[in-house]
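Quick notes on the structure that follows.
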Amino acid sequence: MNRAKLEKMGVTHILNATASRVDLVREISKREEYYSDMNITYCGVAALDVSWFDISKYFFPAAEFIHQALSKPENKVLVHCRQGVSRSSTLFLAYLMIHHDMTVEDATDRVIRKRQIQPNTGFLNQLTLLDLNLMRQRKLQSRKEFNIENIAMLVPVSESQVTLKKHIGRIMIHVMQLLQKCTLDWTPVTEVWPNVFIANEKTAMDRDRLKEMGVTHILNAAAVKKSLKVLLGKPSKEDLLEKVNTGAKYYKGMNITYYDVPVMDDHLFQHDSA
Numbered sequence: 001m002n003r004a005k006l007e008k009m010g011v012t013h014i015l016n017a018t019a020s021r022v023d024l025v026r027e028i029s030k031r032e033e034y035y036s037d038m039n040i041t042y043c044g045v046a047a048l049d050v051s052w053f054d055i056s057k058y059f060f061p062a063a064e065f066i067h068q069a070l071s072k073p074e075n076k077v078l079v080h081c082r083q084g085v086s087r088s089s090t091l092f093l094a095y096l097m098i099h100h101d102m103t104v105e106d107a108t109d110r111v112i113r114k115r116q117i118q119p120n121t122g123f124l125n126q127l128t129l130l131d132l133n134l135m136r137q138r139k140l141q142s143r144k145e146f147n148i149e150n151i152a153m154l155v156p157v158s159e160s161q162v163t164l165k166k167h168i169g170r171i172m173i174h175v176m177q178l179l180q181k182c183t184l185d186w187t188p189v190t191e192v193w194p195n196v197f198i199a200n201e202k203t204a205m206d207r208d209r210l211k212e213m214g215v216t217h218i219l220n221a222a223a224v225k226k227s228l229k230v231l232l233g234k235p236s237k238e239d240l241l242e243k244v245n246t247g248a249k250y251y252k253g254m255n256i257t258y259y260d261v262p263v264m265d266d267h268l269f270q271h272d273s274a
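The C-terminal residue of the sequence shown carries number 274 in the UniProt record's numbering, and the numbering is unbroken.
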């Protein structure tokens, strides 16, 4: 992660949705202080890129982080994971669906015009469920009273689960077809929305690059889940498995706001229950 590039980009916010297999405490300690002199807001999500991981619980918190950051036109948000393909793109798609009233298909189509992405099938399933829930919410015209956790209330009694599964399946197939049509080459970082970048882990660790981009907020979707050992600076290999352990201290002094979400990248992990 090149600090100089981050500063040149003008990044102010970073959302880290990635996971790493780093298991050396000394490397973790370095990363904790990596952004210590950068004014960047950092957010980390301890997520794994496996189909069974429930990333839906972070849909709304991550979307709100991005939404609040973009409330000021001078801010720039970096959403990243290991490759900037699955976890980070999943959280950004959820943001478009929640705050811009896009369907999962519309959101996917919008992003693949700018960047090659590939959420795993489990994440696509959770995005599809979010899509259905948001559509019902809009029909009820009661977003404030809507309880996203009580999915049972959203399904009409007369609607069979078989029909619902078929509908979800059709949407997922369409989204996967859209993803396959993308002919863009993979790149480390892409501005997929005004002042919003999706990137890989290397870009998020590049302090110079963050400054260059002008990033103000960082959303890390693969942060290490807090535990006593982690807080004491002695994380186990299990704690660090598929995680990117940067944290707010990593960006200290960079004027960057950090937010972390512990997520895994697998289709069985639900992302919409936050």
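Even for Gly, the Cβ is constructed at its ideal location relative to N, Cα and C.
From a predicted model like this one, the values you see are computed outputs, not experimental measurements.
To the nearest angstrom, report how far apart residue i and residue j are at their CA atoms.
i: Asn125; j: Gln137; result: 18 Å
i: Gly122; j: Phe53; result: 8 Å
i: Ser88; j: Leu48; result: 11 Å
i: Lys72; j: Thr163; result: 43 Å
i: Asp208; j: Val11; result: 10 Å
i: Ile112; j: Leu140; result: 31 Å
i: residue 345; j: Ile171; result: No answer is possible for residue 345: it lies beyond the span of the chain, which begins at 1 and ends at 274.
i: His99; j: Asp37; result: 32 Å
i: Leu210; j: Lys166; result: 43 Å
i: Ile180; j: Val192; result: Per the sequence shown, the amino acid found at residue 180 is Gln instead of Ile. Going by the C-alpha atoms only, they are around 18 Å apart.
i: Leu127; j: Thr90; result: 8 Å
i: Lys8; j: Trp186; result: 22 Å
i: Lys57; j: Lys249; result: 25 Å
Please state whether the Cβ-Cβ distance between residue i and residue j is less than 8 Å.
i: Gly214; j: Asn39; result: no
i: Leu15; j: Leu78; result: yes
i: Ala204; j: His67; result: no
i: Tyr251; j: Asn220; result: no
i: Val85; j: Ile117; result: yes
i: Leu178; j: Asp109; result: yes
i: Ile168; j: Leu134; result: no
i: Thr41; j: Ile256; result: yes
Using the DSSP secondary-structure output, state which residues sit across from residue i in a beta bridge.
i: Met254; result: Asn39
i: Thr190; result: Ile198
i: Asp206; result: Asn2
i: Glu105; result: DSSP, once it has assigned bridges, lists no residue as partnering Glu105.
i: Lys211; result: Glu7
Looking only at its own chain, which residues have a Cβ that is under 8 Å from the Cβ of residue i, when we skip the five neighbours before and after it?
i: Asp206; result: Met1, Asn2, Arg3, Ala4, Lys5 and Leu6
Skipping 5 residues on each side, what residues in its chain have a beta carbon closer than 6 Å to that of residue i?
i: residue 311; result: Outside the displayed range of the chain (1 to 274) lies residue 311, so it cannot be described from this structure.
Would you call the region 88-108 and the region 59-74 in contact, with 3 or more CB pairs under 8 Å? yes
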